[in-house]
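Only one structure is covered here, and it is reproduced in the block below.
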Amino acid sequence: MKITAYPRFQHAGSLWGPFDSRDPRNLVFSEGLEVDLRRCEFILPPAVLWCVVYPLLAKFKGTDCTLLVPENLGVCIYLKSLGLFRILQENGVDVDDRDIHERTDIQLVLPLTRFDTVSEVEDLANQASETLIESGLGAPNLRPLVSETFAELSMNAVQHANSQIGAYGLIQFYEYAHEQRFVCVVADGGIGIRKSLENNPDLRSRVPYDWVAIELATRERISGTGDRHRSIGLYGVAEDMRKASRSLIIHSGIGSMRIDEQMESRAQRTRLFPGSLASASIPS
1139 MKITAYPRFQ HAGSLWGPFD SRDPRNLVFS EGLEVDLRRC EFILPPAVLW CVVYPLLAKF
1199 KGTDCTLLVP ENLGVCIYLK SLGLFRILQE NGVDVDDRDI HERTDIQLVL PLTRFDTVSE
1259 VEDLANQASE TLIESGLGAP NLRPLVSETF AELSMNAVQH ANSQIGAYGL IQFYEYAHEQ
1319 RFVCVVADGG IGIRKSLENN PDLRSRVPYD WVAIELATRE RISGTGDRHR SIGLYGVAED
1379 MRKASRSLII HSGIGSMRID EQMESRAQRT RLFPGSLASA SIPS
C-alpha cells in the first residue's frame, strides 16, 4: 500500500491514497507500507506525528515499511533534526536519509520523544520547562502554560490510549513573519477517543461516531474511566485554548476538530488517524 503526501502536508486529512479503510491497528492488517514524502515541500508537526504513528503501527504488525524522504533538502533536514528518521529506523522502518545532516537552530524545546508512563510525562514536562527558561524563548509568563499543556495532552494519552507503540510528542518554537508561537503536539496509536469513552457505560450510547466523541470530550468534563478527578483532560486544555489567538486541533479515528476563540466549534469527518492526535498552538 502506498500513501502519498501532497506538497503541503499539514495533517492526515491532506494525504492522498486509498487507505481510509485500512487501519494498521486492525488484526487483519498485513499489507506492506510505503509512505511517499518525495513531493513534500512543507510539513507541519501534526503531519510529522502521523509519519511516526502510522508506520510504527504497521511495523508492529510485522509488515515491511518504507518512508521515502522529501526531495526538498530543507524539509528533509528539518525532519531529521526533529528525530523522525532516527525513531523510524530504530523501529525497523526503512528510511534512506544518506548525506542528510541535522540542524541545531530549529528552536526545539522538546525533540520528538516516546513515552509510556506518568513518570516519563512528568520528566519530559520538567525537561521542557528547564529548556524554556534556559533558552529564553517566548514570554516568561507563558512558559509554564506551554509545559503544562504538553503534560496534560501527554497524560491523556498515557491514561486512556492503550497504545501498542506508546505515545510521542514534541514542542517547537516557531517564528513566522509577524508572530511567534509554541506548538505542542502529542499522538498515540491507541484505541481513540470514541472507544475510550465507550469504556464508560454511561457514555456508550452518546458516542456513535468519532467526531461526536471529540465534541463530547472537549465540551464536558468526562472520561472513559468515569473519574472526574483524573487531571483536567481534553476539556481543560480546550478551555485554555479558547483564549485569543490560541488553538487546539484534535484528530482521532475519522473525526477531527479545531478549537479556538470562536466558541462554536464543530467536529467533522476526515481521513483516518489511527489513534489520537492533539496539537496546541500558543502565541508567545
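In this note's numbering, the protein residues as written are 1139 to 1422.
Backbone N, C-alpha and C fix where the C-beta goes; we use that ideal spot for every residue, glycine too.
Under the three-state DSSP convention, the category residue i falls into
i       : result
Glu1209 : coil
Ser1168 : coil
Asp1237 : coil
Thr1201 : coil
Ala1405 : coil
Leu1182 : coil
Lys1381 : coil
Pro1193 : helix
Pro1282 : helix
Leu1187 : helix
Spatial distance of residue i from residue j (CA atoms)
i       : j       : result
Ile1198 : Ile1303 : Reading off the sequence shown, one finds Phe at residue 1198, where the question assumed Ile. One C-alpha to the other measures close to 8 Å.
Glu1358 : Val1284 : 23 Å
Pro1184 : Leu1415 : 7 Å
Leu1206 : Leu1250 : 19 Å
Ala1295 : Leu1226 : 20 Å
His1149 : Pro1278 : 30 Å
Phe1167 : Ser1390 : 19 Å
Arg1332 : Thr1287 : 22 Å
Ile1309 : Arg1380 : 20 Å
Pro1162 : Tyr1192 : 7 Å
Leu1222 : Ile1329 : 23 Å
Ile1238 : Leu1410 : 30 Å
Thr1408 : Pro1346 : 16 Å
Glu1240 : Glu1336 : 43 Å
Asp1234 : Val1173 : 12 Å
Pro1139 : Glu1317 : The sequence shown places Met at residue 1139, not Pro. The alpha-carbon atoms of Met1139 and Glu1317 are separated by roughly 40 Å.
Asp1398 : Cys1322 : 15 Å
Residue i burial status per 10 Å Cβ neighbour count (16 or more: buried)
i       : result
Ser1343 : exposed
His1367 : Note that His1367 has pLDDT 45, beneath the 50 cutoff, so the model's placement of it is unreliable and the number below is only indicative. Its Cβ having fewer than 16 others within 10 Å, His1367 is exposed.
Asn1164 : exposed
Tyr1314 : exposed
Ala1382 : exposed
Thr1255 : exposed
Gly1413 : buried
Ile1091 : Coverage of the chain is limited to positions 1139 through 1422, which leaves residue 1091 absent and any answer about it impossible.
Asp1348 : buried
Glu1353 : buried
Tyr1144 : exposed
Asp1326 : buried
Leu1116 : For the chain, the structure presents residues 1139 to 1422; residue 1116 sits outside this window and is missing.
Leu1211 : exposed
Cβ-Cβ separation, residue j to residue i (assumed contact under 8 Å), whole Å
i       : j       : result
Leu1171 : Thr1142 : Actually they are not in contact, since the Cβ atoms of Leu1171 and Thr1142 sit about 12 Å apart, beyond 8 Å.
Leu1372 : Ala1355 : 5 Å
Leu1187 : Tyr1306 : 6 Å
Leu1248 : Thr1269 : 7 Å
Ala1289 : Val1259 : 6 Å
Handout entry: Every unbroken beta strand (DSSP E) within the stretch 1292–1379, with a cutoff of 3 residues, ordered by chain
Key = 1305–1313, 1318–1326
Practice task
Starting from the N-terminal side, write out each stretch of the alpha helix (DSSP H) that is 4 residues or longer and does not extend beyond the stretch 1210–1279.
Solution key: 1211–1220, 1222–1228, 1256–1273
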